[in-house]
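Just so you know, the numbering used here puts 240 at position 240 of the sequence shown, and the rest follows in order with no gaps.
Note that beta-carbon positions come from the ideal geometry of N, C-alpha and C, so glycine has one too.
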Amino acid sequence: MAKIDRTVVFNSLLLNLLLCSSWIQISYSSKPVGVARKDDIPFIKCQVCEKLAKELYEQVRDKQAKISPKKISEYDIIEISENVCNLKKQEADWMLKIDIVEQGDRLELVEQDSEGQCGSECKTIERACQEVIGYYDTDVAEYIYKKKPQINSLVKYLCKDLTEACSKKPPPVPKGREPGEIFVAKSAKEAEMEKMLKSMEGMPGAPGMKMYSREELMSGKNFDDEDADDDDDDDDESPIRSNLGKILREKENNKKKMDWKEKIRKGIIDASEATKHHATKIAFRMQKWWKAKKASFTHQNTKSNKVEL
Numbered sequence: 001m002a003k004i005d006r007t008v009v010f011n012s013l014l015l016n017l018l019l020c021s022s023w024i025q026i027s028y029s030s031k032p033v034g035v036a037r038k039d040d041i042p043f044i045k046c047q048v049c050e051k052l053a054k055e056l057y058e059q060v061r062d063k064q065a066k067i068s069p070k071k072i073s074e075y076d077i078i079e080i081s082e083n084v085c086n087l088k089k090q091e092a093d094w095m096l097k098i099d100i101v102e103q104g105d106r107l108e109l110v111e112q113d114s115e116g117q118c119g120s121e122c123k124t125i126e127r128a129c130q131e132v133i134g135y136y137d138t139d140v141a142e143y144i145y146k147k148k149p150q151i152n153s154l155v156k157y158l159c160k161d162l163t164e165a166c167s168k169k170p171p172p173v174p175k176g177r178e179p180g181e182i183f184v185a186k187s188a189k190e191a192e193m194e195k196m197l198k199s200m201e202g203m204p205g206a207p208g209m210k211m212y213s214r215e216e217l218m219s220g221k222n223f224d225d226e227d228a229d230d231d232d233d234d235d236d237e238s239p240i241r242s243n244l245g246k247i248l249r250e251k252e253n254n255k256k257k258m259d260w261k262e263k264i265r266k267g268i269i270d271a272s273e274a275t276k277h278h279a280t281k282i283a284f285r286m287q288k289w290w291k292a293k294k295a296s297f298t299h300q301n302t303k304s305n306k307v308e309l
């Protein structure tokens, strides 16, 4: 019975590894890395801000529906506002559906039905989004938490009152501007795998995970070579099965050896790491708050000096 269970575990683990290997080969095989076109940002900044406000509104609403009847916390909203302009986070997946289209002397953000490959346009939208929200992610989160605004009020607050992203009409696009890339949709399988890997970020062991190519998996290269033996294993089994079997056995043995003292020690370490992470996050937010206040104070002094002159 134990033999059957281990075979099932092995097959499941091998399938997951091969899927990850296939995804890595598709995503990173000699594809050019997208670079933001900074010169395009003034032409799309207002539209990006409006879509950003819409995303904040919808993601907060969806989070609330997911945890109902419990009320969404301000921390949850801050987390959304911190991640919504970062393509490494799931909250920023909305950017992957947007195509920048040339319309005469202006650029139009057109939402597509599916996610596209992330090239320079995707990076340009990310950069514009980060310029819009800047140091104001906690401010807009506090506004959403306290005021619970409708989407039109949120757009006005974020794009006109707080950031002035839409305070004036965007300039016309120069005639000599090089056209952007063509929108290329991802396959459903690739999009699903990408979401899965993003969701794994932050999980224990995930940040340090190493991905292997299909050739490395099939040859068994780069796996830890350990000295554990098992009389139940066949002598002619493949290197991959042998090494994965050793890893699984070691994990099982370590689990059995862990006594209550080790559990207490582990609990103390985990609590210490959590406290350190929380303190770092608070310090980071205080730093952002101070920079924003300092910038606001400098701006006010500049205006008062102009008035005196």
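(request) State the DSSP-derived secondary structure class of Gly267, mapped to helix, strand or coil. (result) Taking the sequence shown and counting its residues from 1, one reaches residue 267 at position 267. In this structure, Gly267 counts as helix in the three-state DSSP scheme.
(request) Can you give me the start and stop residues for the alpha helix (DSSP H) that Ile72 sits inside? (result) The residue given as residue 72 occupies position 72 in the sequence shown. First-last for Ile72: undefined, no H or E at that position.
(request) Please name the residue in Leu107, Cys85, Gln90 whose C-alpha comes closest to that of Arg127. (result) Looking up residue 127 in the sequence shown gives position 127. Looking at the Cα atoms, Cys85 is the closest of the given residues.
(message) Among the candidates Gln117, Val155, Asp40, whose CA atom is the shortest distance from the CA of Ser187?
(response) Residue mapping note: residue 187 aligns to position 187 of the sequence shown, counting from 1. Selected option, being the one with the closest Cα: Gln117.
(request) Hey, could you find the ends of the beta strand (DSSP E) Val110 is sitting in? (result) For the purposes of this step, residue 110 is identified with residue 110 of the sequence shown, where counting begins at 1. Unbroken beta strand (DSSP E) run through Val110: 106-111.
(request) Pair every Cβ in the segment 63-82 with every Cβ in the segment 190-200, then say whether three or more of these pairs are closer than 8 Å. (result) The segment 63-82, when compared against the segment 190-200, does not touch it at the 8 Å Cβ threshold.
(request) Taking Val155 as part of the alpha helix (DSSP H), name the residues at either end of that continuous run. (result) Here residue 155 refers to the residue found at position 155 of the sequence shown. Per DSSP, Val155 belongs to the alpha helix (DSSP H) from 151-156.
(message) Quick test of the definition: if touching needs 3 or more C-beta pairs under 8 Å, does the segment 153-169 touch the segment 46-59?
(response) Cβ pair count under 8 Å is three or more, so yes.
(request) State the Cα-Cα distance for the pair Gln64 and Ser73, rounded to the nearest angstrom. (result) On the sequence shown, position 64 is the one that residue 64 refers to. On the sequence shown, position 73 is the one that residue 73 refers to. Roughly 9 Å separates the two Cα atoms.
(request) Look at the alpha carbon of Thr124 and the alpha carbon of Ala36, and state the distance between them as a whole number of angstroms. (result) Taking the first residue of the sequence shown as position 1, residue 124 is located at position 124. Taking the first residue of the sequence shown as position 1, residue 36 is located at position 36. Taking the straight line joining both Cα atoms gives about 4 Å.
(request) State the start and end residues of the unbroken beta strand (DSSP E) segment that holds Asp99. (result) Locating residue 99 in the sequence shown gives position 99, where the first residue counts as 1. For Asp99, the enclosing beta strand (DSSP E) begins and ends at 98-103.
(message) Just to confirm the assignment, what range does the alpha helix (DSSP H) spanning Tyr143 have?
(response) Walking along the sequence shown from the start, residue 143 turns up at place 143. First-last of the alpha helix (DSSP H) with Tyr143: 137-147.
(request) Ignore the nearest five residues each way along the sequence and tell me which others in Cys49's own chain have a CB closer than 7 Å to its CB. (result) For the purposes of this step, residue 49 is identified with residue 49 of the sequence shown, where counting begins at 1. Val132, Leu158, Cys159, Thr163, Ala165, Cys166.
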